[in-house]
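The letter at position 52 of the sequence shown is residue 52 when you use the UniProt record's numbering, and the numbering goes up by one with no holes.
Even glycine gets a Cβ: it sits at the ideal position worked out from N, Cα and C.
Bear in mind that the values here come from a model prediction, so they are computed numbers and not experimental data.
All remarks here apply to the structure that follows.
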Amino acid sequence: MSSSALSTAVAVNTLRIVQRETGADHQALIDGGLNWLANNANDDGGWGDTVKSLSNISTTTLCWAVFEEGDKFRDVVKRADAWLRQAAGGTDPDKLAPAIIRRYGKDRTFSIPILTHCALAGKVGWERVLQLPFELAAFPQSLFTA
């Protein structure tokens with residue numbers, strides 16, 4: 001796995017989905033990713049984009065979402081929960097989803113993938129995932145520059 005908490009969390013979530021949908025055994029890779037995330041959490045309980053980055057709500061949410069209930073990572077989840085309580089008001093979808101959306105404002109190109117990741121991990125419902133304005137993809141990028 002990469003030395004990026006963000007990419008490791010996305011990889012773990014993806015491998016879980018592939019394993020669930022195809023029956024392919026990726027458990028060793030999933031466990032490796034979870035162990036890496038657990039061992040590379042910041043002292044404050046969150047994660048940053050890289051091992052040298054400060055914790056942020058986006059990467060902490062992505063990482064928190066891939067941990068399931070259980071004894072092995074109970075302390076990691078507890079610390080991430082505490083970090084998210086401080087940053088977002090809690091891990092309840094009613095608190096977490098609006099906090100992610102607020103973080104990026106009108107720019108949905110970050111908030112939507114983060115919330116999609118959380119929905120795929122079963123942490124928020126699909127009703128929390130806003131729609132991207134796909135019709136804008138038809139316009140030339142030059143129209144979006146100042």
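Contact check for Leu62 against Leu6 passes: the beta carbons are separated by less than 8 Å.
For Gln86, the enclosing alpha helix (DSSP H) stretches over residues 74-88. From the listed residues Gly33, Ser3, Val124, Glu127, the smallest Cα separation to Phe73 is found for Gly33. With contact defined as three or more Cβ pairs closer than 8 Å, the stretch 101-117 and the stretch 73-84 are not in contact. Around the beta carbon of Thr59, 16 or more other beta carbons sit within 10 angstroms, so the residue counts as buried.
Taking a C-beta distance under 8 Å as the contact criterion, Leu115 and Val124 qualify as a contact pair. Counting every other CB atom within 10 Å of its CB across the protein chains shown gives Gly122 a total below 16, marking it as exposed. By alpha-carbon distance to Val77, the top candidate from Arg85, Gln86, Phe67 is Phe67. In terms of Cα proximity to Thr8, the closest of Gly23, Asp92, Asp31 is Asp31. If the five residues before and after Leu37 are omitted, its C-beta is found closer than 8 Å to the C-beta atoms of Ala5, Thr8, Ala9, Val12, Trp47, Cys63, Val66, Phe67, Val76, all from its own chain and listed in chain order. From the listed residues His117, Ser53, Arg128, Pro98, the smallest Cα separation to Ile17 is found for His117.
Taking 8 Å as the cut-off, the Cβ atoms of Ser55 and Asp71 do not count as close.
One thing to note: Ala119 has its Cβ no nearer than 8 Å to the Cβ of Arg108.
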